[in-house]
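Scroll down for the structure; my scribbles are underneath it.
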(Lines of atoms letter the chains of each structure in order from A and count residues from 1; the text may use other names and numbers.)
(Lines give C-alpha, C1' and ligand atoms only; values in the text may rest on other atoms or scores of the structure.)
Protein backbone atom coordinates (compact mmCIF):
# COMPACT_ATOMS: atom_id res chain seq x y z
CA UNK A 1 0.00 0.00 0.00
CA UNK A 2 1.29 3.38 -0.96
CA UNK A 3 2.14 5.83 1.79
CA UNK A 4 2.14 8.56 -0.86
CA UNK A 5 -1.64 8.57 -1.28
CA UNK A 6 -2.93 11.86 0.08
CA UNK A 7 -6.57 12.16 -1.01
CA UNK A 8 -9.58 9.93 -0.54
CA UNK A 9 -10.00 9.72 -4.31
CA UNK A 10 -6.40 8.47 -4.68
CA UNK A 11 -7.00 5.93 -1.90
CA UNK A 12 -10.19 4.77 -3.62
CA UNK A 13 -8.31 4.33 -6.90
CA UNK A 14 -5.53 2.36 -5.20
CA UNK A 15 -8.11 0.23 -3.41
CA UNK A 16 -10.23 -0.61 -6.46
CA UNK A 17 -7.98 -0.20 -9.51
CA UNK A 18 -4.40 -0.14 -8.26
CA UNK A 19 -1.83 2.59 -8.90
CA UNK A 20 1.69 2.79 -10.29
CA UNK A 21 1.42 -0.60 -12.02
CA UNK A 22 0.55 -2.27 -8.71
CA UNK A 23 -2.48 -4.51 -8.16
CA UNK A 24 -5.47 -3.10 -6.34
CA UNK A 25 -5.80 -3.66 -2.61
CA UNK A 26 -9.06 -5.44 -3.32
CA UNK A 27 -7.22 -7.85 -5.65
CA UNK A 28 -4.54 -8.51 -3.03
CA UNK A 29 -7.21 -9.24 -0.41
CA UNK A 30 -9.19 -11.51 -2.73
CA UNK A 31 -6.09 -13.38 -3.90
CA UNK A 32 -3.92 -13.60 -0.77
CA UNK A 33 -6.19 -12.76 2.16
CA UNK A 34 -4.11 -11.40 5.02
CA UNK A 35 -0.85 -12.96 3.82
CA UNK A 36 0.17 -9.87 1.84
CA UNK A 37 -0.04 -7.68 4.95
CA UNK A 38 1.46 -9.83 7.66
CA UNK A 39 3.64 -7.19 9.28
CA UNK A 40 1.91 -5.37 12.12
CA UNK A 41 2.76 -2.03 10.51
CA UNK A 42 1.09 -3.00 7.24
CA UNK A 43 -1.91 -4.51 9.03
CA UNK A 44 -2.45 -1.31 11.03
CA UNK A 45 -2.12 0.84 7.91
CA UNK A 46 -4.60 -1.42 6.09
CA UNK A 47 -7.07 -1.14 8.97
CA UNK A 48 -6.86 2.65 8.98
CA UNK A 49 -7.38 2.94 5.24
CA UNK A 50 -10.19 0.38 5.30
CA UNK A 51 -12.02 2.66 7.71
CA UNK A 52 -11.97 5.46 5.11
CA UNK A 53 -13.05 3.10 2.30
CA UNK A 54 -15.94 1.84 4.44
CA UNK A 55 -16.94 5.42 5.18
CA UNK A 56 -17.17 6.14 1.44
CA UNK A 57 -19.28 2.97 1.00
CA UNK A 58 -21.58 4.22 3.78
CA UNK A 59 -22.00 7.55 2.01
CA UNK A 60 -22.82 5.74 -1.24
CA UNK A 61 -25.32 3.51 0.59
CA UNK A 62 -26.90 6.70 1.88
CA UNK A 63 -27.68 7.82 -1.66
CA UNK A 64 -24.60 9.69 -2.88
CA UNK A 65 -22.87 8.78 -6.09
CA UNK A 66 -19.38 7.40 -5.68
CA UNK A 67 -17.91 10.61 -7.06
CA UNK A 68 -20.00 12.77 -4.69
CA UNK A 69 -19.06 10.53 -1.74
CA UNK A 70 -15.36 10.84 -2.59
CA UNK A 71 -15.67 14.62 -2.85
CA UNK A 72 -17.49 14.81 0.48
CA UNK A 73 -14.94 12.61 2.22
CA UNK A 74 -12.10 14.71 0.81
CA UNK A 75 -13.85 17.89 1.98
CA UNK A 76 -14.15 16.38 5.45
CA UNK A 77 -10.48 15.40 5.28
CA UNK A 78 -9.54 19.02 4.60
CA UNK A 79 -5.84 19.38 5.42
CA UNK A 80 -5.78 16.14 7.40
CA UNK A 81 -3.81 13.12 6.25
CA UNK A 82 -5.64 9.91 5.38
CA UNK A 83 -4.49 8.54 8.73
CA UNK A 84 -5.88 11.57 10.58
CA UNK A 85 -9.17 11.28 8.65
CA UNK A 86 -9.41 7.64 9.68
CA UNK A 87 -8.91 8.56 13.33
CA UNK A 88 -11.52 11.32 13.00
CA UNK A 89 -14.06 8.92 11.43
CA UNK A 90 -13.47 6.40 14.21
CA UNK A 91 -13.88 9.05 16.90
CA UNK A 92 -17.16 10.27 15.42
CA UNK A 93 -18.50 6.72 15.06
CA UNK A 94 -17.82 5.95 18.72
CA UNK A 95 -19.80 8.95 20.01
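Residue numbers (full-length UniProt numbering): 1 to 95.
Heads up, the beta-carbon is just placed ideally off N, CA and C, and yes, glycines get one too.
Computed from a predicted structure; not experimentally measured.
For residue 61, the three-state secondary structure derived from DSSP is helix. For residue 83, the uninterrupted alpha helix (DSSP H) segment begins and ends at 82-93. Between the region 3-13 and the region 47-60 there are three or more inter-stretch CB-CB distances shorter than 8 Å, so the stretches are counted as touching. DSSP places residue 75 in the uninterrupted alpha helix (DSSP H) bounded by 66-77. Residue ranges of uninterrupted alpha helix (DSSP H) with 4 or more members, entirely inside the region 9-36 and ordered along the chain, are 25-32. At a Cβ-Cβ threshold of 8 Å, residue 6 and residue 19 do not count as neighbours. Collapsing the DSSP output to three states places residue 7 in coil. The three-state reading of DSSP puts residue 2 in coil, since its state is none of H, G, I, E or B. Here residue 47 carries a helix assignment [DSSP, helix/strand/coil].
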